[in-house]
Amino acid sequence: MIDLMVKEAQDKNVAIGFNIIQPQNDRAPVLSKHDFWQISQKLFELEKTSQILRHTCPLSAILTNKMTKTYEGIRGGCTAGVASCSVLPNGDVIPCPFFRVVLDNVFASSLEKIWLNNEKLSLIRQRELYDEPCGSCVYLSFCGGCRSRAYKKSGSFVAADPMCPFVVNDYQ
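Counted the way numbering that gives the first Met the number 0 counts, the sequence shown spans residues 0 to 171.
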């Protein structure tokens, strides 16, 4: 399917990108972890060879081998609540379009106050507090895992991303 979409975009001279956010149904992924990683690797190669504009996946730091020996602050990865957030038409602020947990409402508080003072956003930004294996991972500065997937699976803002290859779970 990806090949067909890329070919169609190329035939029409349209730049195409992919967002590899793994949808879940009631805490279970739609794809197995194996299939998820096959798709991630394919999109990574397509981007590397300039066949697609880009693909986004916090875990791509693992494919690019971007790591540090110790956590050096956020340098990439999941931007939910770190570099962006979303405001829904009713004013609800959520960390990202895929992470639909209401943090506050812009009609009750200013976006600036929410961005600077929200406890959940503060927690998301402290990657070194993430559950293991994420909290001490060499990719932490460049990855951080998908906060939406982590939350959907566990109910915790600091849980490990269940699609990470270093996380042991039943998604194989």
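Beta carbons are placed, not taken as given, at the ideal position from N, Cα and C, and that holds for glycine.
Count the C-beta pairs between the stretch 97-105 and the stretch 142-162 that are closer than 8 Å, then say yes if the count reaches three, no if not.
-> yes
Does the beta-carbon of serine 59 have 16 or more other beta-carbons within 10 angstroms, so that it is buried, or is it exposed?
-> buried
First and last residue of the uninterrupted alpha helix (DSSP H) at phenylalanine 43 | 32-47
Nearest to threonine 48 by alpha carbon, out of Pro164, Ser109 and Val5?
-> Val5
Check whether the Cβ atoms of glycine 72 and phenylalanine 141 sit closer than 8 Å, and answer yes or no.
-> no
Would you call valine 13 buried or exposed, if buried means 16 or more other Cβ atoms sit within 10 Å of its Cβ?
-> exposed
Quick one, are the C-beta atoms of valine 137 and methionine 66 less than 8 Å apart?
-> yes
Would you check if there are 3 or more beta carbon pairs closer than 8 Å linking the stretch 121-131 to the stretch 149-168?
-> yes
Just how far apart, CA to CA, sit aspartate 160 and alanine 79?
-> 13 Å
Cα-Cα, which of Ile93, Phe106, Glu111 and Trp36 is closest to isoleucine 123?
-> Ile93
Provide the residue(s) that pair with valine 86 in DSSP beta bridges, ordered along the chain.
-> Val92
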